[in-house]
Amino acid sequence: MDTKKFDVIGIGHPCVDYLAHIDSLPASNESRAVLNGSWQCGGKIPTGLAAAARCGLSCALIGAMGDDLFGQYCYKDFEDHGIDLSHTLIRKDATTDIGVVLSDDKTHGRNIIYRRGSYQHLSQEEIDFSFLCQADYFFVSRMDDLHVTAAKYAHEHGIKVLIDADNQPLREYQKILPYIDYFIASEFVYNESFQDTDYRRHMEEIQELGPKTVVFTFGEDGCRALSEEGYFEIPAFKVNVLDTVGAGDTFHGAFFYGLVHKLSLKDTATFASAVSAIKCTCIGGRAGIPTPDITLDFIRTGVIHDSELKARENRYSWGLNNFFQEITHGTVEK
3 MDTKKFDVIG IGHPCVDYLA HIDSLPASNE SRAVLNGSWQ CGGKIPTGLA
53 AAARCGLSCA LIGAMGDDLF GQYCYKDFED HGIDLSHTLI RKDATTDIGV
103 VLSDDKTHGR NIIYRRGSYQ HLSQEEIDFS FLCQADYFFV SRMDDLHVTA
153 AKYAHEHGIK VLIDADNQPL REYQKILPYI DYFIASEFVY NESFQDTDYR
203 RHMEEIQELG PKTVVFTFGE DGCRALSEEG YFEIPAFKVN VLDTVGAGDT
253 FHGAFFYGLV HKLSLKDTAT FASAVSAIKC TCIGGRAGIP TPDITLDFIR
303 TGVIHDSELK ARENRYSWGL NNFFQEITHG TVEK
């Protein structure tokens with residue numbers, strides 16, 4: 003039996019977020035004190051891979067970033083999570099995407115502003131598609147020509163493809179759907195695509211377009227899943243929500259844990275929901291990602307043993323400053 007080097011390979015581009023936890027959003031000409039701040043790396047696929055890696059899976063990223071301080075910070079964070087970067091390019095004299103994320107106690111929502119970096123995204127000519135054959139699963143979040151080509155290649159070579167669908171209605175995914183095995187989408191996709199709550203019927207319609215497994219996540223209303231195993235509605239776990247940044251990305255990454263370990267769809271979605279819920283108790287998309295032990299214990303008992311997560315949260319709170327100091331003193335290779 004052929005053993006693959008990686009459980010998951012994803013195509014994506016990282017960013018750095020400054021996350022500010024505040025009590026409420028300021029009105030025009032007002033200010034607010036930051037209750038808790040953190041420098042964390044982000045991006046749909048990068049955060050999903052970080053979650054998969056935290057769940058003990060072997061992961062690799064195909065992507066690009068600038069060689070600026072933010073890009074170096076992302077690179078080290080991937081290394082710290084054990085994510086392979088052999089097919090990730092560092093663009094010389096280029097900047098990486100950065101964002102400012104405001105999470106407020108009043109709405110438990112988030113507001114994001116961002117600056118696009120100067121680095122160039124990967125072109126098809128820069129990707130060695132044969133690298134995908136080293137993984138059991140391929141992870142995408144876009145549906146442009148590059149991602150359609152990559153998904154088609156993976157599909158034709160027997161690699162299962164999972165897509166993180168968000169921010170676009172279903173019609174925008176038509177080209178890539180024939181190559182998708184696991185279609186996991188946000189409530190935005192559902193609400194923009196369908197006018198009623200006949201969830202099962204619409205998920206069956208999506209299955210007819212290619213994906214054998216369809217999942218929609220609905221935040222505090224849980225998720226709905228359909229596969230050959232049947233249709234399930236799984237309630238959300240109740241936690242003290244601090245920040246929802248990266249909750250969906252974390253769900254996708256944790257979903258791979260269930261796939262790799264051959265769990266049922268219901269157990270896979272339950273595990274991913276628990277990982278996502280625990281993440282929401284910490285600021286940012288990376289600090290609060292739990293291990294399987296923490297997650298499974300939470301599913302059994304309803305208690306989050308979070309000492310390690312709080313330590314991660316503390317490290318990230320001054321993460322970029324600490325990283326800059328390490329570079330300045332020569333303890334990190336540039």
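Read left to right, the sequence shown gives residues 3 to 336 (the working numbering).
Backbone N, C-alpha and C define an ideal beta-carbon position, used for all residues, glycine too.
If you measure between the beta carbons of residue i and residue j, is that distance less than 9 Å?
i, j, result
"residue 325", "residue 139", "no"
"residue 52", "residue 9", "no"
"residue 322", "residue 285", "no"
"residue 44", "residue 101", "yes"
"residue 151", "residue 131", "yes"
"residue 250", "residue 168", "yes"
"residue 64", "residue 83", "no"
"residue 77", "residue 97", "no"
"residue 72", "residue 95", "no"
"residue 236", "residue 272", "yes"
Using CA atoms only, rank isn't needed, just tell me which of the options is closest to residue i.
i, options, result
"residue 147", "169, 241, 124 and 159", "124"
"residue 210", "184, 194 and 235", "184"
"residue 310", "120, 302, 290 and 299", "290"
"residue 223", "194, 206, 188 and 198", "188"
"residue 105", "247, 47, 167 and 295", "247"
"residue 278", "263, 242 and 303", "242"
"residue 194", "212, 182 and 175", "175"
"residue 280", "18, 200 and 240", "240"
"residue 213", "317, 186 and 226", "186"
"residue 274", "219, 230 and 288", "219"
"residue 229", "165, 236 and 217", "217"
"residue 16", "31, 7, 60 and 70", "70"
"residue 171", "157, 294 and 204", "204"
"residue 307", "288, 283, 319 and 287", "283"
"residue 129", "149, 143 and 110", "149"
What three-state label does DSSP hand residue i in the structure shown?
i, result
"residue 336", "Here residue 336 scores only 45 on pLDDT, less than 50, and its place in the model should not be relied on; the value that follows carries that caveat. Coil at residue 336, not helix or strand."
"residue 33", "coil"
"residue 64", "strand"
"residue 235", "strand"
"residue 323", "helix"
"residue 196", "coil"
"residue 256", "helix"
"residue 184", "strand"
"residue 88", "strand"
"residue 93", "strand"
"residue 24", "strand"
"residue 99", "strand"
"residue 316", "helix"
"residue 177", "coil"
"residue 76", "helix"
"residue 268", "helix"
If you draw a straight line from the alpha carbon of residue i to that of residue j, how long is it in whole angstroms?
i, j, result
"residue 266", "residue 232", "10 Å"
"residue 261", "residue 153", "18 Å"
"residue 336", "residue 255", "Caution applies to residue 336, whose pLDDT of 45 falls short of 50 and renders its modelled position unreliable; the model cannot decide the point."
"residue 22", "residue 5", "43 Å"
"residue 28", "residue 116", "18 Å"
"residue 192", "residue 141", "20 Å"
"residue 225", "residue 258", "16 Å"
"residue 328", "residue 86", "22 Å"
"residue 14", "residue 47", "5 Å"
"residue 67", "residue 313", "27 Å"
"residue 164", "residue 305", "30 Å"
"residue 113", "residue 93", "29 Å"
"residue 338", "residue 35", "There is no way to answer for residue 338, as the model of the chain reaches only from 3 to 336."
"residue 341", "residue 238", "Nothing in the structure corresponds to residue 341, since the chain is present only between 3 and 336."
"residue 317", "residue 180", "42 Å"
"residue 207", "residue 268", "20 Å"
Can you check whether the C-beta of residue i is within less than 9 Å of a C-beta belonging to chain D?
i, result
"residue 19", "Protein chains in the displayed structure number just one, and chain D is not present."
Opposite residue i in the DSSP bridges: which residues?
i, result
"residue 42", "19"
"residue 225", "219 and 236"
"residue 142", "165"
"residue 204", "BP columns for residue 204 are empty, so no partner."
"residue 151", "The partner list for residue 151 (beta bridge, DSSP) is empty, contrary to what the question assumes."
"residue 338", "There is no way to answer for residue 338, as the model of the chain reaches only from 3 to 336."
"residue 113", "104"
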